[in-house]
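Chemist: Protein chains in written order, with my numbering: chain A, 1 to 44; chain B, 1 to 367.
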Amino acid sequence: MDYKTLRAHGFTNKQIDDLMFNYTTAVENEIPYPLYYAIIKLFH
Amino acid sequence: MSVLLDYIIEKFSKRMLKKNKNVGTTPTSPSFRKTAVENFILAKKAYARTLKNNLSKLINGEINKSDFLSVQRTTINTAYQAAYLAGKTYTQSTETTLGDDERRSLVYHTTQEMKFLEKFADDVINNGGKMPYNRRLQMYVDGLNAVFMYGRVAYLDSNVDINWELGETDKHCIDCLTYAVKSPYQKNTLPTVPKAGNSACLSNCLCYLTYTTGTVDDSFINFIMKKYNGNGEIPTENDVKTLSALSDSFYLWRGKYEIEKTQESKNLANEYRRAYSDHIKTNKLAINKILPVAKYINEIKKFNKKFKYVQDSNFEVGEVICRFNGNKQEYCKVKEINGNHVTITNIHGVAVVVNITDTILFRLLKE
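1) Should E258 (chain B) and K301 (chain B) be called a contact, given that it needs their Cβ atoms to be closer than 9 Å?
2) Indicate whether the contact test is met: 3 or more Cβ pairs, each with one atom in the stretch 351-364 of chain B and one in the stretch 182-194 of chain B, closer than 8 Å.
3) I believe Y150 (chain B) touches Y84 (chain B) by the beta-carbon criterion, under 8 Å. Please report the beta-carbon distance rounded to the nearest angstrom.
4) Are the CB atoms of V147 (chain B) and V216 (chain B) within a distance shorter than 9 Å?
5) What does DSSP give as the partner residues of K328 (chain B) in its beta bridges?
6) According to the Cβ coordinates, are E95 (chain B) and Y155 (chain B) closer than 9 Å?
7) Measuring alpha carbon to alpha carbon, tell me which of B:N340, B:N298 and B:C322 ends up nearest D312 (chain B).
8) Label I287 (chain B) either buried or exposed according to how many other C-beta atoms from any shown protein chain fall within 10 Å of its C-beta, with 16 as the threshold for buried.
9) Taking a cut of 7 Å between CB atoms, which residues from the stretch 169-190 of chain B lie near chain A?
10) Contact criterion: CB-CB distance below 9 Å. Does F43 (chain A) meet it with respect to chain B?
11) Do the stretch 124-142 of chain B and the stretch 168-185 of chain B make contact, defined as three or more Cβ pairs closer than 8 Å?
12) Helix, strand or coil, according to DSSP, for E30 (chain A) in the structure here?
13) If you measure from the beta carbon of Y3 (chain A) to each beta carbon in chain B, is any gap under 9 Å?
14) In terms of alpha-carbon separation, which member of B:M225, B:I125 and B:H348 lies closest to N60 (chain B)?
15) So, does the stretch 67-87 of chain B touch the stretch 113-120 of chain B, judging by three or more C-beta pairs under 8 Å?
16) Return the CA-CA distance between N304 (chain B) and Y251 (chain B), expressed in angstroms with no decimal places.
17) Which residues, taken in chain order from the stretch 312-342 of chain B, show a beta carbon closer than 9 Å to some beta carbon of chain A?
18) By the criterion of Cβ-Cβ separation under 9 Å, what are the contact partners of G349 (chain B) in chain A?
19) Is the CB-CB distance between Y272 (chain B) and S244 (chain B) below 9 Å?
20) Which parts of the stretch 258-337 of chain B are runs of the alpha helix (DSSP H), unbroken and 4 residues or longer, counting only runs that do not cross its ends?
21) Is Y155 (chain B) helix, strand or coil when you go by DSSP?
22) In chain order, which continuous runs of the alpha helix (DSSP H) of length 4 or greater are located wholly inside the stretch 95-172 of chain B?
23) If you draw a straight line from the C-alpha of K34 (chain B) to the C-alpha of I234 (chain B), how long is it?
24) Would you list the residues sitting across from R363 (chain B) in a DSSP beta bridge?
25) Less than 9 Å separating the beta-carbons of N222 (chain B) and Y211 (chain B)?
26) Are the stretch 279-297 of chain B and the stretch 308-323 of chain B touching by the rule of at least three beta carbon pairs closer than 8 Å?
27) Identify each residue in the stretch 16-33 of chain A for which the Cβ-Cβ distance to at least one residue of chain B is less than 7 Å, and report them in chain order.
28) If contact means a Cβ-Cβ distance below 7 Å, which residues of the stretch 249-281 of chain B contact chain A?
29) Residues bridged to P235 (chain B) by DSSP?
30) When the Cα atoms are used, what is the spatial distance from Y228 (chain B) to S277 (chain B)?
31) Quick one: measure Cβ to Cβ for T345 (chain B) and H9 (chain A), integer angstroms, because I've assumed they're closer than 8 Å.
32) Comparing the C-beta of E165 (chain B) with each C-beta of chain A, is any distance below 9 Å?
33) List, in order along the chain, the chain A residues whose C-beta lies closer than 9 Å to that of K416 (chain B)?
34) Three-state secondary structure (DSSP) at P30 (chain B)?
35) Does the distance from the C-beta atom of G87 (chain B) to that of A36 (chain B) stay below 9 Å?
36) What is the residue span of the beta strand (DSSP E) that T343 (chain B) lies within?
The following block contains the structure:
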């Protein structure tokens, strides 16, 4: 996952920062499928 | 100005989804849909066979690179036309041949595919590449599902809401997750279709499309594309409904058994598995009788460590929970709790009410 890909998908810088934070936290906590978890946590 | 732009896009765009193709068409009947599926399956079988034969000839030195590319181009274009037409006639029964614009668009897509195939041919000649050649070729074959879906979606009503549904896989790519979270789309805003090669997972993608408006439902074709094995009859739409319900019940009780280890869960899982297999056997359906469990059980075990299996509604509004829906793992957000019923928000932002006794829910122990 990189900033370039996320920007290409139309995420704002704020959303990317929040997503990266959630993703890193999920990885540190060994949560399965951290990217999916981070996205759900950020949206809706 | 925007009317003019719409006209130009409609007339010259190679993307069929930008065009309003469904005008004046009549939706199909179940028997017409079954025929369209049969045509697609035949086209896919022929496509796989010819691509593999041509590859064998290149490997054995019977043909050179230029001949290989020439025969593959013809094979791809023929298969694309058949798959697109099958998708088109799956949606509607008014137009049963390809239009000139559609042929042009398919030639364009064939040319795009040939760029990858040229690199593939170079790798074969130079003994390069990391992936086994047959597996790599299978990715081209799987890509035909996407062409069918382009034909299918192009003839949908432009008001139909389309959701990008994540498939059952242990890891989703960023592209698929984004397509899912940004759903719903209309056909002219749909970024791509699964297996089209526009996501990081390429044609390994296990995602599929669902529709939230009208009577459009792809559970039949999605089931066939995933489970068809070529040995027997193509199931009817009713067969698919029965098998899907049995499969979901099996996975629910098999998963519960893995967590609770109760005899009741084990018996129920076995009962549903037997009913699933019997239905296929009795009706001689071309569907695998086995319901795979290895990956599913691994996932259940994985969540049973870091998360806590819950059977009460002791959730907090806004917390992220894990749900197993059939054999598919999903993350959702809790929206509302009402006794045994929990309203959750899925990746599309759609609220779904689940009964905690009819599903498997996990809650994160601590973050």
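The C-beta atom is built at its ideal place from N, Cα and C for all residues, glycine as well.
Modeler: The short version:
1) Contact: yes.
2) Touching, no, given that fewer than three Cβ pairs across the two stretches are closer than 8 Å.
3) Beta-carbon to beta-carbon, Y150 (chain B) and Y84 (chain B) are separated by about 6 Å, close enough to satisfy the 8 Å threshold.
4) No, they are not a contact pair.
5) Answer is B:N325, bridged to K328 (chain B).
6) A contact, by the Cβ cut-off of 9 Å.
7) Looking at the Cα atoms, B:N340 is the closest of the given residues.
8) When all chains shown are included, I287 (chain B) counts as buried.
9) For the stretch 169-190 of chain B, which is checked against every Cβ of chain A, the residues closer than 7 Å are K171, H172, I174, L177, T178 and V181.
10) The C-beta of F43 (chain A) comes closer than 9 Å to at least one C-beta of chain B.
11) Between the stretch 124-142 of chain B and the stretch 168-185 of chain B there are fewer than three C-beta pairs closer than 8 Å, too few to call the two in contact.
12) E30 (chain A) sits in coil when the DSSP states are folded into three classes, being neither helix nor strand.
13) It does not: the Cβ of Y3 (chain A) has no partner Cβ on chain B nearer than 9 Å.
14) Taking only the C-alpha atoms, the option nearest N60 (chain B) is B:I125.
15) Per the Cβ contact rule, the stretch 67-87 of chain B is in contact with the stretch 113-120 of chain B (3 or more Cβ pairs under 8 Å).
16) Spanning the two alpha carbons is a distance of roughly 16 Å.
17) Of all residues in the stretch 312-342 of chain B, only V320, C322, Q329, E330, Y331, C332, K333 and K335 place a beta-carbon less than 9 Å from a beta-carbon of chain A.
18) Residues of chain A passing the Cβ test: F43 and H44.
19) No, they are not a contact pair.
20) 263-282 and 294-306, all fully within the stretch 258-337 of chain B.
21) DSSP places Y155 (chain B) in the coil class of the three-state scheme, outside both helix and strand.
22) The qualifying runs are 100-125, 133-142 and 144-154.
23) Distance between the alpha carbons of K34 (chain B) and I234 (chain B) is about 8 Å.
24) For R363 (chain B), which the question treats as bridged, DSSP gives the partners B:K308 and B:I321.
25) Taking 9 Å as the Cβ cut-off, N222 (chain B) and Y211 (chain B) do not qualify as a contacting pair.
26) Inter-segment contact for the stretch 279-297 of chain B and the stretch 308-323 of chain B is absent: fewer than three beta-carbon pairs are separated by less than 8 Å.
27) From the stretch 16-33 of chain A, only T25, N29, E30, I31, P32 and Y33 have a Cβ closer than 7 Å to chain B.
28) Flagged: no residues at all.
29) According to DSSP, P235 (chain B) bridges with nothing at all.
30) Those two C-alpha atoms are separated by around 14 Å.
31) No, T345 (chain B) and H9 (chain A) are not in contact; Cβ-Cβ is about 20 Å, not under 8 Å.
32) In terms of beta-carbon proximity, E165 (chain B) stays away from the interface with chain A, with every pair separated by 9 Å or more.
33) Because chain B in this structure spans residues 1 to 367, residue 416 (chain B) falls outside the shown range and cannot be described.
34) It is helical.
35) A Cβ-Cβ contact shorter than 9 Å links G87 (chain B) with A36 (chain B).
36) Run containing T343 (chain B): H341 to T345, per the beta strand (DSSP E) assignment.
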